[in-house]
Amino acid sequence: MEWTDCPVNNLSKGDKDYPKSLLELAQPPSRIYYRGELSDGILDKTIAIVGSRRMTRYGASVVDKFVSAFVTAGITTVSGYMYGVDTEVHGKTVEYGGQTIAVMGGGISRPYPPENDELYTKILQSGGVVLSEYKPEQKPHIWAFPQRNRIIAALATLGVLVIEAGEGSGSLITVRYAKKLKKKIFAIPGPISSSVSVVTNYLIKNGIASLVTDPEDILKIKKKMNKKDKSIIDLTGIEKDIYEVLRREELTMDEIAIKLDKDMVEVSTAVSIMALRGVISEAGGKYFVV
75 MEWTDCPVNN
85 LSKGDKDYPK
95 SLLELAQPPS
105 RIYYRGELSD
115 GILDKTIAIV
125 GSRRMTRYGA
135 SVVDKFVSAF
145 VTAGITTVSG
155 YMYGVDTEVH
165 GKTVEYGGQT
175 IAVMGGGISR
185 PYPPENDELY
195 TKILQSGGVV
205 LSEYKPEQKP
215 HIWAFPQRNR
225 IIAALATLGV
235 LVIEAGEGSG
245 SLITVRYAKK
255 LKKKIFAIPG
265 PISSSVSVVT
275 NYLIKNGIAS
285 LVTDPEDILK
295 IKKKMNKKDK
305 SIIDLTGIEK
315 DIYEVLRREE
325 LTMDEIAIKL
335 DKDMVEVSTA
345 VSIMALRGVI
355 SEAGGKYFVV
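Here my numbering = 1-based position in the sequence shown + 74.
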């Protein structure tokens, strides 16, 4: 099987199978085109891994270490299909028997770079997905790559991991989108003499990203999320409504009641219970999803 043998599927923003995480974007793609299957839980546990197109041997070894652990944990990797870290992430995921999602900066029938043709086929053969918001035959353009980074960030349920990145790296754009979406941001520290560690070290130094040196640093967060998922499943009617509005924005108690058009006492009781169970938290009078 070649990638060209796989049919092109598409979903519009109003379709029930459209990825819900993309709806959290300020400007969700009106339509996505993809090859592969966007079902069977491929989007449930995902981590975006991004980095330099000028990946070093150090970067490659880090990708190998982290991807191996993520695949073992049943986590889908997400990246941008370009040279360097992107290609290594997709390739190693396939090598270790995992699923990966490649988000392209052009149409999925005009893949770029052409050197990744064989990788494209392997991604699909391993149960992965190749997708884009651009029409299948659209050529890749420079302006399209920063735009596709918002999709990479949105699809990442566990957060965004930056392996290596130099000044002007597109990884910073992905990080900015991740921050807007309140996603976890992780970065691998690198030598201070390395030009492709400038951004990762900056993110760590300025508290934008959490320093990680071992996959377990991220996997332990996944375990906490699994516990939280159980709490979410057990939510009652009004609790579910509160959870959904707080997923979108931080709100005061009054604002929650107004948004839901509910009695303040009823809202206050539900919020207190949810806070005790660790589903939501409060800071400065505003409540938010943990």
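Beta carbons: idealized from backbone N, C-alpha and C, even for Gly.
Using the C-alpha atoms, what's the distance from residue j back to residue i?
i	j	result
G115	G171	16 Å
E323	A357	13 Å
I52	T120	Residue 52 lies beyond the range of the chain shown here (75 to 364); nothing can be said about it.
L350	K94	27 Å
M348	G264	40 Å
A134	E238	10 Å
E169	I330	47 Å
N84	L117	16 Å
T167	L309	35 Å
G352	S284	22 Å
Y194	I262	27 Å
V273	F219	19 Å
I282	E189	34 Å
M338	A100	30 Å
D91	V249	26 Å
Y317	E192	43 Å
A227	S271	20 Å
V163	Y276	22 Å
A147	D89	30 Å
I197	V141	14 Å
N280	I123	20 Å
V203	L229	12 Å
V137	G158	11 Å
L205	G165	16 Å
P102	M156	22 Å
P185	M178	7 Å
P289	Y132	16 Å
S113	G201	10 Å
Taking the alpha carbon of residue i as the reference point, which residue from the options has its own alpha carbon closest?
i	options	result
I182	T78, G281, R322	T78
C80	K87, E111, R105, T146	E111
H215	S126, K87, G180, I332	G180
G233	F260, Q199, V319, S200	F260
F144	V270, P185, K294	K294
T150	L97, T231, G352	T231
Q199	L325, M75, Y361, T343	M75
K139	S243, N84, T287, D315	T287
S268	G125, T130, V124	T130
I247	E207, H164, K196, G154	G154
I266	K257, G240, A252, Y251	G240
R128	L229, D291, S245	S245
D291	L235, V319, D335, V203	L235
V82	V136, G158, Y208	Y208
E211	K253, V137, Y108	Y108
K213	V204, T326, V203, P187	P187
I354	L334, D335, M327, K87	M327
Strictly by DSSP, which residues pair up with residue i?
i	result
I262	Answer is none; I262 lacks a bridge partner.
E356	Y361
Y107	N84, S206
T120	T150
L325	Y361
S95	According to DSSP, which records beta bridges pairwise, S95 is partnered with nothing at all.
S284	F260
When burial is assigned at 16 or more other CB atoms within 10 Å of the CB, is residue i buried or exposed?
i	result
T174	buried
D160	buried
E313	buried
S104	exposed
L97	exposed
N223	buried
R367	The question about residue 367 has no answer, for the chain in this structure spans 75 to 364.
S243	buried
G311	exposed
K257	buried
G359	exposed
I332	exposed
S126	buried
Is there at least one Cβ from chain D nearer than 8 Å to residue i's Cβ?
i	result
L85	Absent from the structure is chain D; it holds one protein chain and no more.
**Request:** Entirely within the stretch 122–179 and at least 3 residues each: give me those beta strand (DSSP E) ranges in chain order.
**Result:** 150–153, 174–177, all fully within the stretch 122–179.
**Item:** Contiguous alpha helix (DSSP H) assignments of at least 4 residues, all confined to the stretch 202–235
**Value:** Entirely contained in the stretch 202–235, the alpha helix (DSSP H) runs reaching 4 residues are, in chain order, 218–229.
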